[in-house]
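Positions in the sequence shown are counted from 1; adding 544 to them yields the numbering used here.
C-beta atoms are modelled at their ideal positions from N, C-alpha and C, and glycine is treated no differently.
Quick notes on the structure that follows.
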Amino acid sequence: AGRLLMRKLIAEKMCIPWNEIHLQRTSKGKPFLANTVLDTDLNYNFNISHQGDYAVLAAEPNFQVGIDIMKTNLPGSSSVPKFFHIMKRQFTETEWGVIKSMSNEWMELDMFYRHWALKESFLKAVGVGIGFNLQRIEFNVSPLHLEIGKVYKETKMLLDGEKEEEWTFE
């Protein structure tokens with residue numbers, strides 16, 4: 545489904561015939577259009593994510609983009625505390641404080657996946673692999689509780705302790 549979304553974007557926005565679209569991936573797995581694009585104003589940065597029945601595409605002509613979706617569920621037969629213990633090194637102490645401040649385990653798990661998806665989306669945008677130390681990235685999520693149908697842009701990111709103002713997370 546993700547490749548279909550990319551092809552649809554390219555065919556509709558860049559006017560490249562479906563059968564002439566050549567998609568490839570970087571060595572780190574980021575998809576890109578391998579065709580020579582004559583009109584650079586029509587070039588798009590894009591990224592996909594999929595899980596279960598869902599596939600999403602983020603595309604932007606002027607900026608790097610990354611996207612990640614996660615379903616809030618407990619992997620395997622693990623308990624939330626055991627799962628968090630396994631994943632301890634993936635988040636900063638500040639992030640764990642926010643995750644564990646939620647009122648119940650289900651909400652903690654939801655906040656965990658929110659942080660995880662933010663980190664994954666950033667890594668996918670910049671095109672680095674899974675060897676990147678996730679503790680170098682810290683998210684200050686805001687607001688803590690989301691409403692369905694609303695778009696929020698208040699979340700901020702620190703990279704190596706420095707606030708990254710040029711990034712927007714929705």
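(request) Report the residue from L667, V672 and L618 whose alpha carbon sits nearest the alpha carbon of D654. (result) Of L667, V672 and L618, the residue nearest in Cα terms is L618.
(request) Put I613 into one of helix, strand or coil per three-state DSSP. (result) The three-state reading of DSSP puts I613 in coil, since its state is none of H, G, I, E or B.
(request) Give the DSSP bridge partners of R569, in chain order. (result) R569 is bridged to P575.
(request) Could you work out which residue in K615, G596, F576 and F590 is closest to F607 when comparing CA atoms only? (result) Closest option to F607, Cα to Cα, is F590.
(message) So, for G573: in the same chain, excluding its five sequence neighbours on each side, which residues have a beta-carbon less than 6 Å away from its beta-carbon?
(response) None.
(request) Evaluate the contact criterion for the segment 598–606 versus the segment 679–686: three or more CB pairs, one atom per stretch, below 8 Å. (result) Output reads no: the segment 679–686 does not touch the segment 598–606.
(message) Just verifying my parser: in three-state terms, what is the DSSP assignment at K720?
(response) This structure gives no information on residue 720, because the portion of the chain shown stretches from 545 to 714.
(message) Only counting the same chain, and skipping five residues up and downstream in sequence, which positions put a Cβ closer than 7 Å to that of G596?
(response) Hits under 7 Å: K615.
(request) Report yes or no: do the segment 619–627 and the segment 662–676 share at least 3 C-beta pairs separated by less than 8 Å? (result) These segments do not touch.
(request) Count the other C-beta atoms from every protein chain shown that fall within 10 angstroms of the C-beta of E698, then say buried if there are 16 or more, exposed otherwise. (result) E698 should be labelled exposed.
(message) Please give me, in chain order, every unbroken run of the beta strand (DSSP E) with length at least 3 that falls completely inside the segment 629–702.
(response) Restricted to the segment 629–702, the beta strand (DSSP E) segments that are unbroken, complete and at least 3 residues in length are 681–684, listed in chain order.
(request) Measure how close the beta-carbons of A669 and H594 come, nearest whole angstrom, since I'm counting them as under 8 Å. (result) The Cβ separation is near 17 Å, so there is no contact.
(message) Short of 7 Å in beta carbon distance, which residues of its chain neighbour L549, apart from the five on each side in sequence? Order them along the chain.
(response) The residues are I592, A599 and L601.
(message) Please report the distance separating the alpha-carbon of T638 from that of L567.
(response) One Cα belongs to T638, the other to L567, and the distance between them is close to 39 Å.
(message) By alpha-carbon positions, which one of E691, V685, E706 and K694 ends up nearest to K700?
(response) Here the closest residue by C-alpha is V685.
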